[in-house]
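Number of protein chains: 2
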Amino acid sequence: MDAVDQLIAHLKESIPVTSEEAIGLRKHCSVVELRRRDVLLFAGETSKHMRFISKGCLRAYYMDSEAKEHIVQFGIEGWWINDLYSYLSQTPAKQFIQALEPSIVVQIQIEHLNQLFHEIPSLERFFRLKFEKAYVAFQERTMDAMSKTAEQRYLEFRSKYRNIEQRVPQYMVASYLGITPEFLSSLRKNIP
Amino acid sequence: MDAVDQLIAHLKESIPVTSEEAIGLRKHCSVVELRRRDVLLFAGETSKHMRFISKGCLRAYYMDSEAKEHIVQFGIEGWWINDLYSYLSQTPAKQFIQALEPSIVVQIQIEHLNQLFHEIPSLERFFRLKFEKAYVAFQERTMDAMSKTAEQRYLEFRSKYRNIEQRVPQYMVASYLGITPEFLSSLRKNIP
DNA sequence: CCTCTTTCTTAAGATACCTTAAGATTCATC
DNA sequence: GATGAATCTTAAGGTATCTTAAGAAAGAGG
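Protein chains in written order, with the numbering used here: chain A, 6 to 197; chain B, 6 to 197.
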C-alpha cells in the first residue's frame, strides 16, 4: 500500500470514495519524502498544500520574538498537518513544519483540492469536519492552558498521545505544553 | 436603524448585499432583547442560531470541573457571539452565553442560514472568513497563554479591547486572561 | 437618596514554574 | 565500537501567580 492508498483508506473511514474518484484523487496528489529535520514549510511562505502524513512524525511550531520555539501541533501517520490559517487565507505562514523522523507526506495543492471538491462533494464535508475538530481542539487547549496546572496538562497529553510521547524528544513535549524541559523532567520524577 | 438594519450594514462592510437580498435576509432574522444577566444559550443545549450583537455586551464562558467560570469570549455591538463548535457540529454546547448589559441580539436559525447561503452566495464566504478569523484568534490566544506573562497578556488585551475593558467588571477580564482578580488588581497597580 | 449587593484592593503566606549551570545519559554517525 | 552531539536530570535560588481573608469602594434597584 503506497502513500496515496493510505490517504484514500483514511478518507474512506469518514466518507465513501468510489474507485473512479480515487483515480481522480490520485492524479492530484504528490508524495514528498523527508529526512529527519527537513522543513516542509517555512514561516513567511504561504502554505499551498493540504498535507497528509503517510509515515513518520512532524511538528508545527513558531518562533516568538525572543527566538524561542513553541510547538503548536505534532503529527504522525494518518494525521494532517499544516499552518491551517496560512492555507485557508493564503497569507504568509507563521509556523514552520518540520520532520522529526524520516517521513512521507502526501500533498494536495490548494487549486487541485478546490477542484476536487466539485468532483467529490463529500470531500468538502470531510475537510469541514476536520476543520471543526481543529477549532475545538484549539479552544480546549486554550482553556486548558489557562486553567490547568502543567502536571494536569502533561497527564492529559500522556493519556491522549502516549504514542507521540514515545517518539518525540521530551523537551518538545515540554514546548507543546508550554513549560521548560527542566520542569517537565521534575514533574515526571514525581509521577508513578 | 433597527437591529436587522445594523446586521445588514455590517455585512455590507465585507460583501455586497442587494436590496432584494436584504429583504430575503430580514425574513429569517429574529430579534431578542436581553436584560442584564439573561442567558441566551445554556451549556447542554445545542446552539441553533448564529448570533449578531446589535446592542449591548455579552460573554461566552464555560464552567470547569471545580465550578470555576472561564470566559472564552466577550462580544459587543457589531460582533458575533456563539459556541461555534456546538453550532457547527450541532452537539451540546459546553459554553454559556450571557448578557452583561441590556442587549439586543439578531439571531438566524441554522436551517435558515444554510438556505440563505444558496440565495446569497457571498454570505457563505462571509462566514467562512469569520470562522478563519476565529480559528486564528484562538491559535494566537493559545500560544500567548503558554508563552507570555499575565502582564503582557493584560497589556495586549487593553490595547486591543480598550472599549471592552471599560464596560465589563475587572474580575471578568481576569477570567478571560486566565488569572485571579486579585492578581490582576495588583498588576494594574504597578502599571501607569 | 439609601441600602444591599457587587466589585475592587491590600497583604501575607503558599505554590507553581522559571533560570542557570553542571553533570549524566542516550543517540547518531563515522 | 568511538566520538561528538543531542537530550535528560538535578539542584539552588528566583519570580510569577495563587489562596485566603478582610475591608473599602462602587454600583444597582428600590
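Just so you know, even glycine gets a beta-carbon here, dropped at the ideal spot from N, CA and C.
Owing to the predicted nature of the structure, the values given are computational and were not obtained by experimental measurement.
Enclosing beta strand (DSSP E) for residue i [first to last residue]
i	result
A/A65	62 to 68
B/I169	That residue, B/I169, is in no beta strand (DSSP E); its alpha helix (DSSP H) goes 167 to 170.
B/V44	44 to 46
Beta-carbon neighbours of residue i, restricted to chain B and to distances below 8 angstroms
i	result
A/H123	In chain order: nothing, as chain B lies at least about 15 angstroms away.
A/Y67	M148
A/H75	M148, M151, S152
Per-residue contacts from residue i into chain B (C-beta, under 7 angstroms)
i	result
A/T2	Because residue 2 of chain A is not part of the residues shown, which for chain A are 6 to 197, the question remains open.
A/H117	Under the 7 angstroms cutoff, chain B gives no residues; its nearest Cβ is about 19 angstroms from A/H117.
Environment of residue i [buried if 16+ CB atoms lie within 10 Å]
i	result
A/N195	exposed
A/G80	buried
A/M148	buried
B/V110	buried
B/V77	buried
A/M151	buried
B/Q100	buried
B/I102	buried
B/I13	buried
A/A88	At residue 88 of chain A the sequence reads Asp, which differs from the Ala that was named. When all chains shown are included, A/D88 counts as buried.
A/R40	exposed
B/H123	exposed
B/V22	buried
B/A9	According to the sequence displayed, residue 9 of chain B carries Val and not Ala. Buried: at least 16 other Cβ atoms inside 10 Å.
A/M6	exposed
A/Q157	exposed
A/R146	buried
A/A65	buried
A/Q144	buried
B/I28	exposed
B/F57	buried
B/S108	buried
A/S91	buried
A/S24	exposed
B/S191	exposed
B/A72	exposed
A/G49	exposed
B/S180	buried
A/M68	exposed
Closer than 9 angstroms at the beta carbon, the chain B residues around residue i
i	result
A/L46	By Cβ distance, chain B contributes nothing, its closest Cβ being about 15 angstroms from A/L46, past 9 angstroms.
Neighbour list for residue i in chain A, Cβ cutoff strictly below 8 angstroms
i	result
B/S164	Simply none; closest approach about 16 angstroms.
B/G183	A150, M151, S152
Beta-bridge pairing of residue i - partner residues as DSSP gives them
i	result
B/W85	B/F57
B/I184	In the DSSP output, where bridge partners are listed per residue, B/I184 has none listed.
A/G80	A/L63
B/F101	B/Y66
A/L39	A/S108
A/T154	For A/T154, which the question treats as bridged, DSSP gives no partner whatsoever.
B/T51	B/P97
B/E74	B/M68
Chain A residues whose Cβ lies nearer than 9 angstroms to that of residue i
i	result
B/L89	E137, Y140, V141, Q144
Where the alpha helix (DSSP H) through residue i begins and ends
i	result
A/E122	Reading the sequence as shown, one finds Phe at residue 122 of chain A and not Glu. Unbroken alpha helix (DSSP H) run through A/F122: 115 to 124.
B/E25	24 to 32
A/A14	8 to 17
Nearest-angstrom beta carbon gap, residue j and residue i [assumed within contact, 8 angstroms]
i	j	result
A/V173	A/L105	6 angstroms
B/Y159	B/L134	Going by Cβ atoms, the distance from B/Y159 to B/L134 rounds to 29 angstroms, so no, they are not a contact pair.
A/L189	A/Q175	6 angstroms
A/T51	A/P97	6 angstroms
B/S35	B/Q112	5 angstroms
A/F131	A/L16	6 angstroms
B/H33	B/Q95	About 18 angstroms separates the two Cβ atoms, so there is no contact after all.
B/L30	B/L121	7 angstroms
Partner residues on chain A for residue i, Cβ-Cβ distance less than 7 angstroms
i	result
B/L93	E137
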